[in-house]
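See below for the structure under consideration.
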Amino acid sequence: MKAFNKNIEDKDFSILIGGKAGDGIDKAGLIIAKIINRLGLYVYIYRDYPSIIRGGHTFSIIRASAKRISCHKDNIDVLLAINQETFDLHKERLNGDGIVIYNSDNVKTASAGMYGFNLDEVVKKENGEPIMRNTCMLGILCKALSISKELLEGVLQEEFSGKGDINLKIALKGYELAEELTGIKTDKNETLPVLTGNEAIGMGLIRGGLDAYLAYPMTPSSGILHFLAAKSGDFSLDVMHPESEISVMLMACGFAYAGKKVAVGTSGGGFCLMTEGLSFSGIAELPVVVILGQRTGPSTGLPTYTGQTEVHFAINAGHGEFPRVVLAPGDTEEAFYWSALALNLAWEFQIPAIVLSDKMLSESSYNFDINLIPKVNEYEPVLWDRNGEYKRYFNSDNPVSGLSFPGQKGAVIKVNSYEHDEYGITTEKADITESMQKKRQSKESLIAKKLSTYETIGVYGDKGSDTVLLCWGSNKGVCKELAEELHLRMIHPKVLWPFPAEEFTASIRGAKKMICVENNITSQLSRLIETFGRKPDVKILRYDGRPFSLDGLRKELKKVI
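If you want our numbering, it's the position in the sequence shown, counting the first as 1, plus 26.
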């Protein structure tokens, strides 16, 4: 394990833990990350699991580094194998000086650099449950890496409730059985929280003034529902799980009508069902935020794997024409920031706002630094000035009409899915229809002007390079790291609609080669920017449900630069 003996400036190592679905691999991976994080290293967790409750194969890769990271590597330094399948599937990932710690009850092989322990026997002696084998493995790992018993105890006491004592006993028993194999030398960095993208999105919505969150569970956005439900009492939130995505969107429109800041969460299949309600929010000018977590499609596709396939769907969803914003954060800080801004933008312009996430951003775990996020103030919408008779859709030079809500004296508030006049009363008259269509669509230029006050395009790496690496969403992490390593200019649009064409043109000025990296087969970002007169020279696409690793994308980039 020579890699562990370098100075922290050179530190970068990965641990893979694997077993069957139901073996508690996700929890164990998170605990490993938090322990290493407390040592002063930054961490990132990539999760891979099948769409079944028990059985199959699941694993997590925990990467640690002296610098901020947002992607994983294919090669690993430590393999923690709960079962034989984990060893067989991942042994080729091991670096030459890597080690394997395995459950000798299930893994029937041994060689140099491999250390077997009878996890089942330890758990049985302590009257534990089979899932606690991973807790024993945690204790063994900490001893092998010369991590103090006190740090292990502290994190376990924080993470377990109810059965914390027995988990701690089993972990300490594993600690006693193991030997120190290597050490992690660090110059202590500030310890930052470890969050999933879903948790960051939930926190951002709360920061933006969220009143209600509605969702029918659908991977990978389900974590937002669980997170906000757990926090609902602390923030006086209405968190609901209706019977379908159709109900979710229509209920959200009702909340918005009543003056409540509302967001919904779903994935592609659920968003399909929401589109009629989305059109309703468009014509009724009801502000609703949609968190759209992408996964591999079409149809059910690969429910627990990633994709970036809903760019054009989000931009064009619904029947008829109405303005909306489509935002695409790339890490936890951006997920927090743009989710909060989505609520502000929705209410400032009385439009639907869509936040595009994906399985990688939603369910991976990252360090989170609140100090990197610009201040977000909750937006207070334009209200009816109470002069004269209330017109919900008052049409003036400002296409954003003053709001009133049910119960306010002197206001009769009408909304429906038909075309309507200024009062909200159904009409089929040509002149009023034309006027209202113009009213709604004229918001788009105001939205674009507002967005220009934010950093809509991120530029990283060697900003003077004439080779541009273009990506969006969760590919920010892997592309940023490689742009810095290979001296490339990296461009990362955070707003996809209204597309910031001027800012994008400025960001690529002087570029001689543009390489677009996406997780879809048709290069959807390429198709979008082509409408603004620029075509990428090279497309690196992955569409098997798996994300780009640092090793894999580096190999592809070196072929074309």
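Cβ coordinates follow ideal geometry from the N, Cα and C atoms, glycine included. Since we're looking at a predicted model, the values are computed, not measured.
- Just so you know, the alpha carbons of Ala92 and Thr217 end up roughly 12 Å apart.
- Beta-bridge partners of Lys565 (DSSP): Cys542.
- Short of 8 Å from the beta carbon of Val426, and not among the five residues preceding or following it, lie these beta carbons of its own chain, in chain order: Glu374, Phe375, Gln376, Val408, Lys469 and Leu472.
- Taking one beta carbon from each stretch, the stretch 439-450 and the stretch 404-420 have 3 or more pairs nearer than 8 Å; the two touch.
- Counting other Cβ atoms within 10 Å of its Cβ, Arg80 stays below 16 and is therefore classed as exposed.
- Here Ile71 is buried: its Cβ has 16 or more other Cβ atoms, across all protein chains shown, within 10 Å.
- For Pro219, same chain residues with a beta-carbon under 8 Å away, outside a window of 5 residues either side, are Asn393 and Phe394 in chain order.
- Excluding sequence positions up to five before and after Asn546, its CB lies within less than 7 Å of the CB of Gly333, Gln334, Thr335, Leu567 and Tyr569, all in the same chain and listed in chain order.
- Burial of Pro573 is indicated by the presence of at least 16 other C-beta atoms within 10 angstroms of its C-beta.
- Looking at the DSSP output, Val126 sits in a beta bridge with Leu105 and Met140.
- As the crow flies, the alpha-carbon of Asn129 is around 14 Å from that of Leu42.
- Short of 6 Å from the beta carbon of Tyr141, and not among the five residues preceding or following it, lie these beta carbons of its own chain, in chain order: Ile127.
- No Cβ-Cβ contact shorter than 9 Å links Val337 with Val314.
- Residue pairing by DSSP places Asp38 opposite Ser91 in a beta bridge.
- Excluding its 5 nearest sequence neighbours in each direction, Phe297 has C-beta neighbours in its own chain below 6 Å: Leu318, listed in chain order.
- As computed with DSSP, Tyr239 is found in a beta bridge with Val265 and Ala289.
- Restricting attention to beta strand (DSSP E) runs no shorter than 3 residues, the stretch 497-544 encloses them at 515-519, 521-523 and 539-544, ordered along the chain.
- Ranked by Cα distance from Phe348, the options Arg233, Ser273, Arg466 and Asn424 are led by Arg466.
- Within the stretch 338-410, the complete alpha helix (DSSP H) runs of at least 4 residues fall at 358-375 and 385-389.
- Among the bridge pairs identified by DSSP, Gln320 is matched with Asp384.
- By DSSP's assignment, Gly44 forms a beta bridge with Phe85 and Ala107.
- The C-alpha of Lys401 lies about 10 Å from the C-alpha of Ala366.
- At the C-beta level, Asp357 and Lys489 stay beyond 9 Å of one another.
- Contact between Cys542 and Leu512 does not hold, since the beta-carbon distance rounds to 16 Å and is not under 8 Å.
- Excluding five sequence positions before and after Glu271, the CB atoms of its chain that fall closer than 7 Å to its own CB belong to Tyr242, Thr292, Gly296, Leu299 and Met300, given in chain order.
- Contact check for Ala372 against Trp364 fails: the beta carbons are separated by 9 Å or more.
- Under the three-state reduction of DSSP, Leu177 is assigned to helix.
- Sequence-distant partners of Thr330 (beyond 5 residues in either direction) whose C-beta falls short of 6 Å from its own C-beta, in its chain, are Tyr75, Ser77 and Thr245.
- Counting C-beta atoms within 10 angstroms of its own C-beta, Thr557 has fewer than 16 neighbours from the protein chains shown and is therefore classed as exposed.
- DSSP lists no beta-bridge partner residue for Ile232.
- The alpha carbon of Gly308 has as its nearest neighbour, out of Leu198, Ile341, Gly294 and Gly323, the alpha carbon of Ile341.
- For Thr222, the closest C-alpha among the options Leu177, His83 and Val69 is that of Val69.
- In this structure Ile396 is exposed. Its beta-carbon is surrounded by fewer than 16 other beta-carbon atoms within 10 angstroms.
- Leu551 carries a helical assignment under DSSP once its states are collapsed to helix, strand and coil.
- In the DSSP assignment, Thr222 falls outside any alpha helix (DSSP H) and within the unbroken beta strand (DSSP E) covering Val220 to Thr222.
- Ranked by Cα distance from Ala282, the first of Glu360, Ala379 and Gly294 is Ala379.
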